[in-house]
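The letter at position 11 of the sequence shown is residue 11 when you use the numbering used here, and the numbering goes up by one with no holes. Down below is the structure, laid out as structure tokens.
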Amino acid sequence: MLGLCLGLAGTLWAQVPTDHFTLAWTHTIEKIRWEEDYHVTPQGLVLVEARVKGTGAGMDIPDDAYLKNGSWHYRPKLPTLPKLRLGRTPEAGDFELCFAQASGKVQCQAMSHWIGQPNKQDAAVEVWGCEQANVAPIDVR
Numbered sequence: 001m002l003g004l005c006l007g008l009a010g011t012l013w014a015q016v017p018t019d020h021f022t023l024a025w026t027h028t029i030e031k032i033r034w035e036e037d038y039h040v041t042p043q044g045l046v047l048v049e050a051r052v053k054g055t056g057a058g059m060d061i062p063d064d065a066y067l068k069n070g071s072w073h074y075r076p077k078l079p080t081l082p083k084l085r086l087g088r089t090p091e092a093g094d095f096e097l098c099f100a101q102a103s104g105k106v107q108c109q110a111m112s113h114w115i116g117q118p119n120k121q122d123a124a125v126e127v128w129g130c131e132q133a134n135v136a137p138i139d140v141r
């Protein structure tokens with residue numbers, strides 16, 4: 001089963017058993033929520049759709065975006081990504097990972113649930129697709 005791995009510089013910190021996830025965060029200046037939906041494939045992470053609640057500094061809405069349920073939805077035109085590198089600092093807040101449970105209910109939790117609170121020593125995390133057993137999340141950090 002493909003899943004989601006979290007770590008840095010090739011070191012695995014945690015695994016999340018999902019092949020579809022939403023990465024969400026709040027813009028540090030504008031305080032507007034952003035969401036990106038990804039599909040984990042053997043080739044990497046495919047960004048399927050993105051949503052943002054509004055505009056602001058450095059937050060232009062693409063021309064092909066449409067408004068639905070209070071958010072602008074659009075499909076970024078990016079190639080498959082081998083991994084994402086995300087900056088995490090105490091001042092900026094944390095990312096959320098959302099994914100469907102076996103019951104079908106969507107669960108959202110701060111990334112700190114799996115890898116601890118953001119800190120200055122580990123100011124980034126990498127996210128990539130990986131093979132894993134069909135088990136509950138494992139914290140190996």
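Just so it is clear, CB atoms sit at the ideal spot from N, CA and C, and this is done for glycine as well.
Rounded to the nearest angstrom, what separates residue i and residue j at their Cα positions?
i: W13; j: A50; result: 26 angstroms
i: L84; j: W72; result: 22 angstroms
i: H113; j: F99; result: 14 angstroms
i: I138; j: D37; result: In this predicted model, I138 has a pLDDT of only 41, less than 50, meaning its place in the structure is not dependable enough to derive any value.
i: G44; j: V52; result: 24 angstroms
i: A65; j: L47; result: 15 angstroms
i: L86; j: G7; result: 10 angstroms
i: E131; j: Q109; result: 22 angstroms
i: N134; j: Q15; result: Confidence is the limiting factor: at N134 the pLDDT is only 47, short of 50, which leaves the residue's position unreliable and the question unanswerable from this model.
i: Y74; j: A57; result: 19 angstroms
i: K77; j: G10; result: 27 angstroms
i: E35; j: A24; result: 4 angstroms
For residue i, which of the options has the nearest alpha-carbon?
i: P42; options: D19, A92, C98 and D94; result: D19
i: P118; options: A9, K77 and E96; result: E96
i: V40; options: A24, G3 and A9; result: G3
i: K68; options: T28, K77, E91 and G54; result: G54
i: T28; options: W128, L78 and A92; result: A92
i: Q199; options: E35, P17 and G56; result: The requested residue 199 does not occur in the structure, where the chain is confined to residues 1 to 141.
According to DSSP, simplified to helix, strand and coil, what is residue i?
i: H27; result: coil
i: S112; result: helix
i: F95; result: coil
i: K68; result: strand
i: Q107; result: strand
i: T41; result: strand
i: A50; result: strand
Does the distance from the CB of residue i to the CB of residue j come in under 8 angstroms?
i: R33; j: T26; result: yes
i: I115; j: V106; result: no
i: D94; j: M111; result: yes
i: M59; j: E30; result: yes
i: P62; j: W128; result: no
Below 8 angstroms on the Cβ atoms is my contact criterion, and I expect residue i with residue j to pass it. Report the Cβ-Cβ distance as a whole number of Å.
i: T89; j: K120; result: 7 angstroms
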